[in-house]
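Student: Numbering (the numbering used here), first residue to last: -11 to 483.
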Ligand code: MN
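Here's what the structure looks like:
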C-alpha cells in the first residue's frame, strides 16, 4: 500500500444549524490532525467531512470499501447523530471499524458551561446511539474510550490500526507451498478454500522443481555478494568461512536464499512453506534462507504449515514501526522442575533472527531427518520479556485463534544444541496454561512475538469474525473449558 490510512469519520445532524456544524468540523479536523501526527499511530489519519445524512454515510462507506489505501474507519459522534441514518451505509462496510468514544474538551468549563456547550459536546449520548445501532447491525468493531489526547487512547488506536493494517495486507495476499505438508500430520492440514473465503489470502502449491530452477539460476557473483553480507552481520563458524572446509555449504545456503527470494518476488508472494519430506533437487533443507526471509518480513511455516506462514506474515505487518521481534516457533521440549516449569521453543532450523538477544552465529550441523546434506543455520538465544504465542487451527467447520501470554526468560548455555531457541514461562501458570492450550486444540507450531499482544490477536479475530481463545494471567481452567463449550454453541448459531 502506498499510504495506508484510517478515515476519521464524525457524525452529527442538521438540527443544530450551520454554526454548530462548522465548529464540529473544526474540532474533528483538529483531532484527526493530532492523531495523524501521533507517534503511537503508524498509519495516516484522514479527516473526512462531517456526516449529517444517510446519503453521506452511504457514499463514504462505498468510497472506503473501494479505496485500496483505506484500512478502516474511526467513527465518532461529536453531537447526537440519529442511528437510523447510518444503517444503509454501515451495513455495506467491508473494512474494519473502530468506534472512538471521546469528547473534544477534556475538562468541563464549570464556570461557563451552558446549553450551547451541552448541545455541541454530546458524545456521551450520541455515541451511545451509535453503539446501539452498531450492535443492532452486528457491526464488529473495536471500542476505544477516553480523551483523544491521552497516550493510552492513542496507543489503543495505534494497536488497532496495526491490526487493521495486517488485515488489509492479508486481502489478496498469496502464499506459496513448496510440496505438501508433512505426511500424516493433522494440525498443519486445513481447508484452503475456507481460509481464502474467511481471511482473504490464497495458498497454492508448487513443485519443488519450480523452486530448484530459481536456486540453480542464482549467479555466482550474487552468491559471493550475499556471503560477504553474512560476514558483516553474523559470526561465522571457521569451517563455513571463506577458505574453510565447508564454505561451499554456506555458498549453497546463500544460493537458496537468492533463489527462494527470487521465486517469491517473481510470483508476488508474501510467504511460503517448505517441507523436509520434499526436497528433490535441493542439496539442503533451507534453514538460513527461511530465517533471513522471515527477518525480511515474509511469512513462513515449516512442514507445509501454511496457516502459520500466513499468521506470521500478519504479525510481521502488525510490527510496523516497531523494533521487529516475531518468529515462527515450535513448543519443543520442557523443563519440568517443580514450580519452575518452562518451555524451550525452537525448530529444526527456522527461527527468525529478529528475536535474537545476541549476535547470531552461522553454523552447520547434521539434521538427522530428510536424508540431505547438513544445513546451514543461524544460532542464537532470544530476548527476555513479555511475549505471546499464537496459533490458528482449522476445526473442520471453522477456524480458531488461540493466544497465550508468556514471559521469556534467559536461555542457559546449551553448547550442544545446534539451533536458535527461546525459553519462556506460561501464564497463568504452566499446568493451567498448557492444559487450556491442549483443550483448545492449539498447534505445536506458533507465531512467537515480543510485539503483538493478546489484545491485538483478539481484535484481529474480531475483524476476521473468527473465535479467539486467550490464555493469560486471568485464565481459570474450568472457566476456560466452559468457554469452549459455550463457544461451540455460539459459533453454530453464528454460522
Ligand atoms: Mn515443526
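All C-beta atoms, glycine included, are put in the ideal place defined by N, C-alpha and C. Bear in mind that the values here come from a model prediction, so they are computed numbers and not experimental data.
Ignoring anything shorter than 4 residues or poking outside the region 191 to 244, list the alpha helix (DSSP H) runs there in chain order.
Tutor: Counting whole runs of 4 or more residues, the region 191 to 244 contains the alpha helix (DSSP H) stretches 196 to 204 and 208 to 221.
Student: Which residue comes first and which comes last in the beta strand (DSSP E) that contains residue 413?
Tutor: Here residue 413 is taken as the residue at index 425 of the chain shown, counted from 1. Per DSSP, residue 413 belongs to the beta strand (DSSP E) from 409 to 414.
Student: What I want to know is whether the C-beta of residue 290 ends up closer than 7 Å to one or more non-hydrogen atoms of the ligand MN.
Tutor: For the purposes of this step, residue 290 is taken as the residue at position 302 of the chain shown. At least one heavy atom of the ligand MN is nearer than 7 Å to the Cβ of residue 290, so yes.
Student: For the alpha helix (DSSP H) that residue 422 lies in, which residues bound it at each end?
Tutor: Locating residue 422 in the chain shown gives position 434, counting from the first residue. Residue 422 -> alpha helix (DSSP H) spans 418 to 427.
Student: Quick one: what does DSSP say residue 182 is sitting in, helix, strand or coil?
Tutor: In the chain shown, the residue the question calls residue 182 occupies position 194. Reduced to three states, the DSSP call for residue 182 is helix.
Student: Which residue from 50, 393 and 245 puts its Cα closest to that of residue 208?
Tutor: Taking the first residue of the chain shown as position 1, residue 208 is located at position 220. For residue 208, the nearest C-alpha among the options comes from 245.
Student: Could you tell me if residue 115 is buried or exposed, where buried requires 16 or more neighbouring beta carbons within 10 angstroms of its beta carbon?
Tutor: The residue you call residue 115 lines up with position 127 of the chain shown. Residue 115 comes out buried.
Student: Taking contact to mean at least 3 C-beta pairs separated by less than 8 Å, is the region 90 to 102 in contact with the region 444 to 462?
Tutor: Result no; under three Cβ-Cβ pairs closer than 8 Å.
Student: Quick test of the definition: if touching needs 3 or more C-beta pairs under 8 Å, does the region 163 to 173 touch the region 189 to 205?
Tutor: The region 163 to 173, when compared against the region 189 to 205, does touch it at the 8 Å Cβ threshold.
Student: Does the beta-carbon of residue 415, which I'm using as the reference point, lie nearer than 7 Å to any heavy atom of the ligand MN?
Tutor: In the chain shown, counting from the first residue as 1, residue 415 sits at position 427. Not so, every heavy atom of the ligand MN lies at least 7 Å from the Cβ.
Student: Tell me whether residue 265, by its Cβ, gets closer than 7 Å to a heavy atom of the ligand MN.
Tutor: Here residue 265 is taken as the residue at index 277 of the chain shown, counted from 1. Result no, Cβ not under 7 Å from the ligand MN.
Student: When you compare the CB positions of residue 373 and residue 392, do they come within less than 8 Å of one another, or not?
Tutor: Reading the chain shown from its first residue, position 385 is the one you call residue 373. Reading the chain shown from its first residue, position 404 is the one you call residue 392. No, the pair does not count as a contact, with Cβ atoms beyond the cut-off.
Student: Under 6 Å Cβ to Cβ from residue 72, same chain only, skipping five residues before and after it: list those, please.
Tutor: Here residue 72 is taken as the residue at index 84 of the chain shown, counted from 1. Taken in chain order, the list of residues that qualify is empty.
Student: To the nearest angstrom, how far is the alpha carbon of residue 481 from that of residue 199?
Tutor: On the chain shown, position 493 is the one that residue 481 refers to. On the chain shown, position 211 is the one that residue 199 refers to. Computed Cα separation, rounded: 44 Å.
Student: For residue 473, report the span of its alpha helix (DSSP H) as first-last.
Tutor: What you label residue 473 is simply residue 485 of the chain shown in a count that begins at 1. Residue 473 -> alpha helix (DSSP H) spans 465 to 482.
Student: Of the choices 103, 311 and 214, whose alpha-carbon is the least far from that of residue 371?
Tutor: To locate residue 371, count along the chain shown from 1; it is residue 383. Of the candidates 103, 311 and 214, the one whose C-alpha sits nearest the C-alpha of residue 371 is 311.
Student: Looking only at its chain, what residues have a beta carbon closer than 6 Å to the beta carbon of residue 133, apart from the 5 residues adjacent to it on each side?
Tutor: Position 145 of the chain shown, counted from the start, is the residue given in the question as residue 133. 89, listed in sequence order.
Student: With a threshold of 7 Å (Cβ to nearest heavy atom), would residue 433 be considered close to the ligand MN?
Tutor: Within the chain shown, residue 433 is the residue found at index 445, counting from 1. Result yes, Cβ under 7 Å from the ligand MN.
Student: Using a threshold of 8 Å, state whether the C-beta atoms of residue 154 and residue 306 are closer than that.
Tutor: Here residue 154 refers to the residue found at position 166 of the chain shown. Here residue 306 refers to the residue found at position 318 of the chain shown. Against a cut-off of 8 Å, the Cβ pair of residue 306 and residue 154 comes out as a contact.
Student: Relative to the C-alpha of residue 137, which candidate in 401, 15 and 415 has its C-alpha closest?
Tutor: Taking the chain shown and counting its residues from 1, one reaches residue 137 at position 149. When each option's Cα is compared against that of residue 137, the closest is 15.
Student: Buried or exposed: which applies to residue 55, given that a residue is buried once 16 or more other Cβ atoms fall within 10 Å of its Cβ?
Tutor: Within the chain shown, residue 55 is the residue found at index 67, counting from 1. Residue 55 should be labelled exposed.
Student: Report back the beta-carbon spacing between residue 378 and residue 434 to the nearest angstrom; my notes put them in contact at under 8 Å.
Tutor: Here residue 378 corresponds to residue number 390 of the chain shown, with the count starting at 1. Here residue 434 corresponds to residue number 446 of the chain shown, with the count starting at 1. Contact holds; Cβ gap of about 6 Å.
Student: Going by other Cβ atoms of all chains shown within 10 Å of its Cβ, with 16 needed for buried, is residue 106 buried or exposed?
Tutor: Working through the chain shown from its first residue, we reach residue 106 at position 118. Burial call: exposed.
Student: Can residue 177 be considered in contact with the ligand MN, in the sense that its beta carbon sits closer than 7 Å to one or more heavy atoms?
Tutor: Counting from 1 along the chain shown, the entry for residue 177 is found at position 189. The answer is no for residue 177.
Student: Would you give the residue range spanned by the beta strand (DSSP E) that residue 278 belongs to?
Tutor: Along the chain shown, one-based indexing puts residue 278 at 290. Premise fails: residue 278 lies in the alpha helix (DSSP H), 276 to 283, not in any beta strand (DSSP E).
Student: Evaluate residue 364 with the Cβ neighbour count: other Cβ atoms within 10 Å of its Cβ, from every protein chain shown; 16 or more gives buried, anything less gives exposed.
Tutor: Residue mapping note: residue 364 aligns to position 376 of the chain shown, counting from 1. When all chains shown are included, residue 364 counts as buried.
Student: Quick one: which unbroken beta strand (DSSP E) runs of 3-plus residues sit fully inside the region 46 to 130? Chain order, please.
Tutor: Listed in chain order, the complete beta strand (DSSP E) runs (minimum 3 residues) inside the region 46 to 130 are 58 to 65 and 85 to 89.
Student: Can residue 189 and residue 298 be called in contact, C-beta distance under 8 Å?
Tutor: Walking along the chain shown from the start, residue 189 turns up at place 201. Walking along the chain shown from the start, residue 298 turns up at place 310. Taking 8 Å as the Cβ cut-off, residue 189 and residue 298 qualify as a contacting pair.
Student: In whole angstroms, what separates the C-alpha of residue 117 from that of residue 92?
Tutor: Taking the chain shown and counting its residues from 1, one reaches residue 117 at position 129. Taking the chain shown and counting its residues from 1, one reaches residue 92 at position 104. If I take the Cα positions, the gap works out to 18 Å.
Student: Between residue 40 and residue 46, what straight-line distance do the alpha-carbon atoms span, to the nearest angstrom?
Tutor: In the chain shown, residue 40 corresponds to position 52, counting from 1. In the chain shown, residue 46 corresponds to position 58, counting from 1. Cα-Cα distance, rounded: 11 Å.
Student: Evaluate residue 213 with the Cβ neighbour count: other Cβ atoms within 10 Å of its Cβ, from every protein chain shown; 16 or more gives buried, anything less gives exposed.
Tutor: Walking along the chain shown from the start, residue 213 turns up at place 225. Residue 213 should be labelled exposed.
Student: Can you look up residue 388 in the DSSP assignment and give me helix, strand or coil?
Tutor: The residue given as residue 388 occupies position 400 in the chain shown. Strand.
Student: By Cβ distance, which residues of its chain are closer than 7 Å to residue 479, with the 5 residues on each side in sequence left out?
Tutor: Translated into positions along the chain shown, residue 479 becomes position 491. Correct list, in chain order: 386 and 455.
Student: Using DSSP bridges, identify the partner residues of residue 367.
Tutor: Residue 367 sits at position 379 when you count from the first residue of the chain shown. According to DSSP, which records beta bridges pairwise, residue 367 is partnered with 349.
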